[in-house]
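A.B. asks: Each protein sequence line maps, in turn, to chains G and R. One rule links them: number in this note's numbering = place in the first sequence (from 1) + 61. One rule links them: number in this note's numbering = place in the second sequence (from 1) + 293. Glycine is no exception: its CB is placed at the ideal position from the N, C-alpha and C atoms. These figures come from a predicted structure and were not determined experimentally. Okay, handing you the structure first.
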Amino acid sequence: AQTVTQSQPEMSVQEAETVTLSCTYDTSESDYYLFWYKQPPSRQMILVIRQEAYKQQNATENRFSVNFQKAAKSFSLKISDSQLGDAAMYFCALRGGGSEKLVFGKGTKLTVNP
Amino acid sequence: AAGVIQSPRHLIKEKRETATLKCYPIPRHDTVYWYQQGPGQDPQFLISFYEKMQSDKGSIPDRFSAQQFSDYHSELNMSSLELGDSALYFCASSPSPRLEQYFGPGTRLTVT
């Protein structure tokens with residue numbers, strides 16, 4: 062079975078500051094993919110960043126970067142220069158190489174304070 | 294850029310009625326996925342189709358069925374609706390080699 066755990070139900074950050082959201086996962090597969098999705102109040106699910114397990118280099122997309130620690134099964138998201146528009150629920154998700162489905166964590170609600 | 298289209302966006306049904314949700318994937322995406330997100334919950338995978346064939350199945354109730362058509366759009370059919378079926382239903386699509394899933398805006402189903 063694949064599981065994803067987000068231990069921080071809520072986080073807050075000051076505008077322009079940096080925040081890190083935590084995620085741990087468990088899978089028996091050697092080939093898998095990890096994702097962070099953002100869900101703003103509109104409820105739209107927006108892909109933020111993707112990491113392939115076989116890649117050692119951490120993925121980066123503009124102000125968003127990940128810290129992928131494969132041995133520890135940890136996949137945290139760092140948001141730099143936080144903006145008001147970053148306020149949303151953030152879901153960490155795992156897809157095993159042999160499966161189509163995304164397995165999501167319970168989410169972290171991020172508040173950005175002006 | 295074109296996005297996944299879902300219709301209707303909102304649907305209100307009574308218990309024991311049926312509902313059909315439609316999904317139009319991003320052009321040239323050949324895989325469609327369905328997810329259910331209950332209030333305050335994370336999305337749960339229901340089913341997926343690749344090239345019109347079911348490719349994976351999750352916790353989809355027997356009362357639900359789905360298919361993908363020749364133009365790659367997909368429909369989720371839900372029968373004998375229950376109050377617990379009230380949720381946001383997402384469709385997502387993916388191009389080969391199916392690394393990323395792009396979500397539609399969702400259909401909010403309310404069962405009264």
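For Q334 of chain R, count the other beta carbons within 10 Å of its own beta carbon; 16 or more makes it buried, fewer makes it exposed. Which is it?
C.D. replies: It counts as exposed.
A.B. asks: What residues in the region 334–349 of chain R bring their beta carbon closer than 7 Å to a beta carbon of chain G?
C.D. replies: Listed by position, the residues of the region 334–349 of chain R near chain G (Cβ gap below 7 Å) are D335, P336, F338, S341, S348, D349.
A.B. asks: Quick one: which chain R residues come within Cβ less than 9 Å of S73 of chain G?
C.D. replies: Result: empty, since nearest Cβ-Cβ is about 19 Å, beyond 9 Å.
A.B. asks: So is Q394 of chain R in contact with chain G if we call contact Cβ pairs under 8 Å?
C.D. replies: Closer than 8 Å to some Cβ of chain G, the Cβ of Q394 of chain R qualifies, so yes.
A.B. asks: In whole angstroms, what separates the C-alpha of R401 of chain R from that of N123 of chain G?
C.D. replies: Cα to Cα, the separation comes out at about 32 Å.
A.B. asks: When you compare the region 368–381 of chain R with the region 305–319 of chain R, are there three or more beta-carbon pairs, one atom per stretch, that lie closer than 8 Å?
C.D. replies: Yes: at least three Cβ pairs fall under 8 Å.
A.B. asks: Terminal residues of the continuous beta strand (DSSP E) containing G157 of chain G?
C.D. replies: Looking at the DSSP string, the run of the beta strand (DSSP E) that includes G157 of chain G is 149–157.
A.B. asks: If we call anything under 8 Å between Cβ atoms a contact, is I107 of chain G one with A120 of chain G?
C.D. replies: Against a cut-off of 8 Å, the Cβ pair of A120 of chain G and I107 of chain G comes out as no contact.
A.B. asks: Looking at C-alpha atoms only, which residue of R:F383, R:V404, R:T403 is the closest neighbour of V325 of chain R?
C.D. replies: It is R:F383 whose Cα lies nearest to the Cα of V325 of chain R.
A.B. asks: Which bits of chain G does F362 of chain R rub up against, with CB to CB less than 9 Å?
C.D. replies: Chain G residues near F362 of chain R: none, gap ~18 Å exceeds 9 Å.
A.B. asks: Sort G:S143, G:A154, G:F165, G:L155 by Cα distance to M72 of chain G and report the nearest one.
C.D. replies: Cα-wise, what sits closest to M72 of chain G is G:S143.
A.B. asks: By alpha-carbon positions, which one of R:K315, R:A294, R:I353 ends up nearest to H303 of chain R?
C.D. replies: Nearest option by C-alpha distance: R:K315.
A.B. asks: With a threshold of 8 Å between beta-carbons, can F152 of chain G be considered close to chain R, or not?
C.D. replies: Output row for F152 of chain G: interface = yes.
A.B. asks: Along the region 117–136 of chain G, what residues have a CB closer than 9 Å to any CB found in chain R?
C.D. replies: For the region 117–136 of chain G, which is checked against every Cβ of chain R, not one residue is closer than 9 Å.
A.B. asks: Whose C-alpha, out of G:P70, G:Q67, G:A77, is nearest the C-alpha of S141 of chain G?
C.D. replies: When only C-alpha atoms are compared, the closest one is G:A77.
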